[in-house]
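If you count by mature numbering (1 follows the signal peptide of the UniProt record, and there is no 0), then the sequence shown holds residues -23 to -1, 1 to 487, one letter each, in order.
The next block holds one structure in the form of structure tokens; read it before the comments.
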Amino acid sequence: MLGYNSVLITFIIALNGLFSANCRNVLILLGDDAGFETQVYNNSVCQTPNLDQLAKIGLVFNNAYTSVSSCSPSRSVIMSGLPQHQNGMYGLHQDEHHFMSFDQVQSLPLLLRKADIRTGIIGKKHVGPESVYPYDYAQTEENNSILKVGRNITHMKLLVREFLNQNKSRPFFLYIGFHDPHRCGHTNPEYGSFCQWFGNGSQGMGLIPDWKPVVYDLDKVTVPYFVQDTPAAREDIAAQYTTISRLDQGVGLILDELKQAGQLDDTLIIYTSDNGISFPNGRTNLYDSGMAEPFIVSSPYHKQRWGQTSSAMVSLVDIVPTVLDWFSIQYPNYTLLKHPAQLTGKSLLPVLKAEPQSGFDTVYASHNLHEVTMYYPMRVVRDRNFKLIHNMNFRMPFPIDQDFYISPTFQDLLNRTRGKEPLNWYKTLEKYYYRDQWELYDVQNDTMELKNLANSSDAHIKEVFVQMRQKLLQWQNLTSDPWICSPGSVLEDEGNYKLTPQCMSMDNKV
């Protein structure tokens, strides 16, 4: 009998060990308009000790890019793996904008639910419809105040604890959508331009018990090359830093909850942002200042690259294939609006093992709108040497969104331009508004993307331009881009042209 008990105990221990090994989890930490304001990316002023610690137990990507520089479209890419022009989320989801992904999209939460993986979302969701992006546990702006679930890090911590304490026997996918450091001067100006006063304990500001506000000296902030160096812009950046430090403290609280729940050693953690920062040339732009993203991946099973950096060029479209690979789930074969839906991103798990020698050298981006009035479709292909931008609505001025328009930084640019004062900026507003149809940059030697080579007479540059256009066209075709013929032609792919789709010229001189 004693021998039987020993065998039984050994079997139970082995079974528990096997179950634990299979119970892998995923935690996504998403900043809202967050950039490189962290020591992880050599900003020595903005204090982010928790992101610094995450980088020590993870791999830091130095060449990560968003697929679209707008909130809802980017989140739809993160959750579906498909470019915005393919999944249908062409612009913002809320209010009068009302953009939605197509009903047939097989999103990540949908696929995980089918695989019996528990899904949760806390904070900013900003995508729809619910049938495409369902979560088992959801505490978002759809059923809460966004300030409460996206900026109140104490409340967010408690929600994470609640989620982790529910049904511990199943693997989970938890998506945290911070609302920091998004601007709030348009919606909640009483809390400051970045909601930097929200929850600081001052009269009328409320209190976030776990938050220790960090206030920054405007004379000491690091001004990015794409923002004017003026007192107004510096003060704006200082306010942004305060909310980034709040986000960072939230990251620390959430990771501690994960540790206390005993899940830290089984969880893949990804930290990134949806798009560029909400400053000139940032969000809504597809220059590198609007495309480049922070990106940290921590895996308990890939410790060999902890504390290292990767130069692999990666995109937010890579998140879905990475998560599916982590859970050993195959992406389904299906059609979307009569076209095959296939992922163009790649799993990043191999990069966590060793630096790739090839296959991570090109990224693409696609943008149509931000707010519903901001129609400015762009397509981009970028490799290590060159970047090509196609501005389809180039004859119209580049649009400005509501919360950025009333920001201290943009008002400073506007007032200085009107008063004919020095801008202390590398552009003028006219140059910012009016862009060429094609922009080609040597990003190795022109990192600020100032010298457009699209009309160069140099034979080598001409050949680069042709090759980049061809790569971009191939990607648009692969991702069933309805804008593939714009702005000079009309796509005919039905009726007589169903088998031989064609771009038919409008003779509109573009």
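Beta carbons: idealized from backbone N, C-alpha and C, even for Gly.
Unbroken beta strand (DSSP E) runs of no fewer than 3 residues, entirely contained in the segment 271 to 337, are found at 272 to 275, 285 to 292, 311 to 313, 316 to 318, following chain order. With fewer than three CB-CB distances shorter than 8 Å, the segment 303 to 315 does not count as touching the segment 229 to 238.
In this structure, the beta-carbon distance from V104 to H156 does not fall below 8 Å.
In the structure shown, the three-state DSSP call for A11 is coil. H159 is positioned such that its CB atom lies closer than 8 Å to that of D9. Between L365 and R446 the beta-carbon gap is near 7 Å, inside 8 Å, which marks them as a contact.
8 Å or more divides the Cβ of T456 from the Cβ of Q81. Within the DSSP secondary-structure output, N368 pairs in a beta bridge with M355. Per DSSP, Q453 has no beta-bridge partner at all. For L69, there is no enclosing beta strand (DSSP E), as DSSP marks it with neither H nor E. Taking a cut-off of 8 Å on C-beta distances, the segment 429 to 444 does not touch the segment 378 to 389, as fewer than three cross pairs fall below it. Under the Cβ criterion (8 Å, minimum of three pairs), the segment 174 to 192 does not count as touching the segment 30 to 39.
Residues of the same chain with a CB within less than 6 Å of the CB of S44, apart from the 5 flanking positions on each side, are V54, P60, S292, L293, V294, A342 in chain order. Contact annotation: P148 and P111 have beta-carbon atoms that are not nearer than 8 Å. From the listed residues K323, T261, D265, Q30, the smallest Cα separation to V420 is found for D265. Annotation: E348 is outside any alpha helix (DSSP H) and is labelled neither H nor E by DSSP.
Taking the Cβ atoms as the reference, M351 lies roughly 6 Å from D378, within the contact range of under 8 Å.
Counting the other Cβ atoms within 10 Å of the Cβ of Y410 gives fewer than 16, which makes it exposed. In its chain, beyond the 5 residues on either side, M290, V358, R359, D360, K448 have a beta carbon closer than 8 Å to the beta carbon of T339.
Of L6, D242, N262, the smallest CA-CA separation from H279 is found for D242.
Between V443 and S335, the alpha-carbon positions lie close to 22 Å from each other.
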